[in-house]
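Residue numbers (this note's numbering), protein chains in the order written: chain A, 105 to 187; chain B, 20 to 1062.
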């Protein structure tokens, strides 16, 4: 099961890939232990949607998230949370 | 070196968004050493791809991404010409074996048969192996790979790792790489490029939507998830495949193992089997001299010399077989009584004349053979023959039978995006409604390609249309980018290739229109393959000649009939081949043509070049002795005498260069080509220098030589092929003769062969009426299947009725032969006709003699249809029973008939014309009250008279002009005839939006009389008010509106 989300998050990268994930103003931080998959999406380009890099990650707490990196404005958001 | 080995072009038909120039430019700037073209199941782009890449110094590799049974993809690359031939055979097998309506699919057996000298790559995610891995079917994936290894060999089969940043890509590439290690085969890195740059993605997405008939907002598996299918740089590829260095290195290995593009033999024309084993050159010579004796009576030394010269060149170039094949086609046509006429530069050949391929006496006309063929140029001959439409099919059938179905095919064409189609297809994908797009697209003038935004700036009828163009800015941007991209493959109207070897060695074949087998290369590219194209075209004018030949003996048309020239001089040549446009009619009314030579010049004069080059006026003035004819050099007199000192024909340029500067014929033709195709200034200067040098050596003063060169340079770019003009002029004269002496039969033939010519059927009827010919209405008891003529009348034919089927019109005529129809009931019972056709017959007036009230007739019809059904279902009745006796009498109702306006509209709708009415008759009371002149009145007015006139707008067009300004020419038609009108640029900017969008207009202007012609110089354009039309009253009938 998964839940859709659109929450902005802070992500730090190491060697070009996400290493930590933080939200709630940095009060909650999760270490990313595994990147299961990664791909790029163009979205609805005709309505101004920007290109994003998507990562399917597993954190140290064994939770899975779908993280999106908006490449044009360099912001990260949580797209999906997996149970 | 890095090579991209999986690249799609627009020839993947709506699955490629960058043309070859862009792909080559992108490859060159990125340092990509080689590109492989891998369009879906086609090699159509191969020749252009190769040219574009070689021009940029990039190695072209020819391949295709083929679809296998089950829909799986596989990339195949030709190592050499042998591999290329196998690729052609595979694709042909896939296309020709695929059942109608099914998708292209190749069997594994076919792959195995034609696998030699091909590299195979496992393909994209639609490839069998990747798709099995993505389904975690690893064992099956391995088996599939082993099967491919068995087919292609271990060193020729590669697993394709793609770098498109798609989900599960890293995992897929890892497994593919492991499988490659296990099986000891190579991997290769690609990015499955479908466009050159990332910024091309939106267009590709739109094209995908157009291909899948979806909108941008719809989901479809064919739509790409991201914009990563661009031609990535070697650096980008090395980053993406840093874990697979061998896959990168293998791209270069494969590219090096492939030869650079295609190298075809120069000539693959079949040897002609001459009788008794005679050699082709010998048999050709024999035929030519036999023909020469028939054509000339006596073969003089001059004729012999000319024929020998031509035969020597033909034989040296190895084209004797080709000439014999064309001779054979012409011979077949003659034997079968099929009307034909050779045209184009082939008419420069006396050999072609003696072989009865053309009807232009090249020797008598002094035409230069070098314009057609020369040793220096060594190009393939291009002989075009026009045939009457029906006969052409018989000729083609003969060719297929003679050379074999595997060696003959029709050349393909590519339907490309023009402004209108791009707006329609891409706009639909963007979510605009089809109705809105239709309205928008129709407002654009037809342009084969271009930028809609530029068209809006250029054409006032668009600028002032009131269309909110800002709403379509995005659409226009993408439409401009797609402009010129091929949309689908089509069938050429006349181009046929014949090969000495099976065509599938050279080109993939597939089915085209009406089941014809077509090549995957078009007429421009097919010659690169070593094939020679025959152009066997259908010319409706020849069908017209055939029709009139039932009445007139075409073989006895006199050469210089004064009455025919009087007709031509009147400028009233609507319907005459090549001489009917307003510009031609205007020229004829001033030129005073009195011999065929004048018609040859006329055909060449009314062309964009001579008009822009201001050649028309000097020509008319010199012909009529109003301007002195002078020659810059005495030697020019012989060459330019027939065109009064004007350089009009390309042959004249060649001759001047030969006579004045001693150019070899080939050099002279090179000069003609450079001039005709407006090549670089540098080329022109080089040739100019050579011309002056050579002329000086022959004793011509330098200044004089420079002047002569400047002179031919000024005209030559506009020159027309004299041989072609002469071939057309002969047909033009014949049609003018028939119009003069057999006007009813000639117009009936024109009406029977529509669509053709410059004017629609209704205009032809107006012209016929003006000449005193009565257009008789459709009549169920009198009309034949086609239009029929007596000396002074033309009867509308049954085939003219909308929806009419040939078998129905035939059945009507057959039933009537037994006895005339006595009523609608009788008709319905005796002819198996649909309700729609029967209604159209009623509305077209076919039953007026039996049922004068059409409204009641429709009522009767429905009753008859009902009772007809009942009667036919009863076994004791059937066709042959005289139903008229048993049919109930018509119900006499107090029901008024349709009004004349309604009848006119209905006749127009179902017949496309009306025997009884003309649109302007319904406006005449208003026009008369408001002092509008008629076309007939204007012809009697003095030059300079200001008038108002109204009429139907016929064929407004903007030909190029000498000044470069836009001038619109149009013809206004009323019930009395036609009047040509000219609209200059300032007025066009003001009224263009009316001229090009309204069918009926009022014009105010000044009468101009030039020669025997009358026209109107337009000052103002207006619409007629709504109240101008009277629905109940109208003025006379079209039948009485004779001139």
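Virtual Cβ for every residue (Gly too), placed ideally from N, Cα, C.
On a Cα-Cα basis, can you pick out the residue from the options that is closest to residue i?
| i | options | result |
| --- | --- | --- |
| residue 410/B | 460/B, 920/B, 560/B, 926/B | 560/B |
| residue 438/B | 455/B, 474/B, 449/B | 474/B |
| residue 61/B | 31/B, 298/B, 37/B | 31/B |
| residue 641/B | 652/B, 630/B, 623/B, 617/B | 617/B |
| residue 492/B | 129/A, 126/A, 150/A | 150/A |
| residue 105/B | 81/B, 118/B, 117/B | 81/B |
| residue 376/B | 322/B, 353/B, 70/B | 353/B |
| residue 201/B | 188/B, 213/B, 165/B, 191/B | 165/B |
| residue 1020/B | 1008/B, 1040/B, 595/B | 1040/B |
| residue 1018/B | 985/B, 998/B, 969/B, 455/B | 969/B |
| residue 662/B | 678/B, 423/B, 635/B, 843/B | 635/B |
| residue 123/B | 132/B, 131/B, 111/B | 111/B |
| residue 364/B | 707/B, 942/B, 743/B | 743/B |
| residue 768/B | 752/B, 809/B, 746/B | 809/B |
| residue 526/B | 425/B, 619/B, 450/B | 425/B |
| residue 691/B | 274/B, 668/B, 306/B, 862/B | 668/B |
| residue 806/B | 918/B, 566/B, 844/B | 566/B |
| residue 368/B | 386/B, 869/B, 360/B | 386/B |
| residue 83/B | 72/B, 140/B, 70/B, 381/B | 140/B |
| residue 666/B | 648/B, 804/B, 988/B | 648/B |
So residue i packs on residue j, CB below 8 Å; how close in whole Å?
| i | j | result |
| --- | --- | --- |
| residue 434/B | residue 505/B | 7 Å |
| residue 859/B | residue 822/B | 6 Å |
| residue 195/B | residue 149/B | 7 Å |
| residue 851/B | residue 830/B | 7 Å |
| residue 448/B | residue 147/B | Rounded, the Cβ-Cβ distance is 31 Å, inconsistent with contact. |
| residue 983/B | residue 955/B | Their Cβ separation, rounded to whole angstroms, is 36 Å, which puts residue 983/B and residue 955/B out of contact at 8 Å. |
| residue 510/B | residue 535/B | 5 Å |
| residue 670/B | residue 741/B | 5 Å |
Based on DSSP bridge pairs, tell me the residues matched to residue i.
| i | result |
| --- | --- |
| residue 79/B | 54/B |
| residue 812/B | 793/B |
| residue 127/A | 132/A |
| residue 529/B | 537/B |
| residue 145/A | 156/A |
| residue 174/A | 156/A, 179/A |
| residue 991/B | 972/B, 998/B |
| residue 169/A | 161/A, 185/A |
Just checking residue i against the ligand SAH - is the residue's beta carbon closer than 7 Å to any of the ligand's heavy atoms?
| i | result |
| --- | --- |
| residue 129/B | Inclusion of the ligand SAH in the displayed structure is not the case, the ligand content being empty and no account of it being possible. |
Practice problem: Jot down the residue ranges of each uninterrupted alpha helix (DSSP H) in the segment 377-447 of chain B, minimum 4 residues, whole runs only, in chain order. | Solution: 408-422
Quiz item: Does the segment 164-183 of chain B come within contact of the segment 196-216 of chain B, defined as at least 3 CB pairs closer than 8 Å?
Solution: yes
Practice problem: Jot down the residue ranges of each uninterrupted beta strand (DSSP E) in the segment 204-279 of chain B, minimum 3 residues, whole runs only, in chain order. | Solution: 205-209
Quiz prompt | Contact the segment 973-986 of chain B vs the segment 776-789 of chain B: 3+ CB pairs below 8 Å | solution = yes
Self-check item: beta strand (DSSP E) runs wholly inside the segment 1025-1055 of chain B, at least 3 long, in chain order
Solution: 1032-1041
Quiz prompt | Cβ pair count under 8 Å reaching 3, the segment 230-247 of chain B against the segment 45-52 of chain B | solution = no
Exercise. Go through the segment 79-111 of chain B residue by residue and report every complete run of the beta strand (DSSP E) that reaches 3 residues or more, in order.
Key: 92-97
Practice problem: Would you be able to state if there are at least three C-beta pairs under 8 Å between the segment 645-656 of chain B and the segment 620-627 of chain B? | Solution: no
Quiz item: Quick one: any contact between the segment 547-563 of chain B and the segment 396-411 of chain B, if contact means 3 or more CB pairs under 8 Å?
Solution: yes
Exercise. Pair every Cβ in the segment 106-121 of chain A with every Cβ in the segment 156-164 of chain B, then say whether three or more of these pairs are closer than 8 Å.
Key: no
Quiz item: Does the segment 450-461 of chain B come close enough to the segment 542-557 of chain B to have 3 or more Cβ pairs within less than 8 Å?
Solution: no
Self-check item: Contained beta strand (DSSP E) runs [length at least 3] in the segment 533-621 of chain B, N- to C-terminal order
Solution: 536-541, 552-557
Exercise. Would you list, in sequence order, the uninterrupted alpha helix (DSSP H) runs of no fewer than 4 residues that lie entirely inside the segment 180-205 of chain B?
Key: 188-202
Quiz item: Hey, is the segment 323-338 of chain B in contact with the segment 266-284 of chain B, meaning 3+ C-beta pairs nearer than 8 Å?
Solution: no
Self-check item: Given 8 Å, three or more beta-carbon pairs between the segment 273-291 of chain B and the segment 169-187 of chain A
Solution: no
Practice problem: Could you tell me whether the segment 133-142 of chain B touches the segment 314-326 of chain B, where touching means 3 or more Cβ pairs closer than 8 Å? | Solution: no
Quiz item: Looking at C-beta atoms only, is the number of pairs between the segment 334-347 of chain B and the segment 288-303 of chain B that lie closer than 8 Å three or more?
Solution: yes
Quiz item: Should the segment 93-102 of chain B be called in touch with the segment 295-314 of chain B, which here means at least 3 C-beta pairs below 8 Å?
Solution: no
Quiz item: With contact counted as at least three CB pairs below 8 Å, one residue from each stretch, are the segment 670-686 of chain B and the segment 388-400 of chain B in contact?
Solution: yes
Practice problem: Specify whether the segment 570-587 of chain B and the segment 752-772 of chain B touch according to this definition: at least 3 beta carbon pairs, one from each stretch, less than 8 Å apart. | Solution: yes
Quiz item: Pairing CB atoms from the segment 122-137 of chain A with CB atoms from the segment 150-167 of chain A, are three or more of them under 8 Å?
Solution: yes
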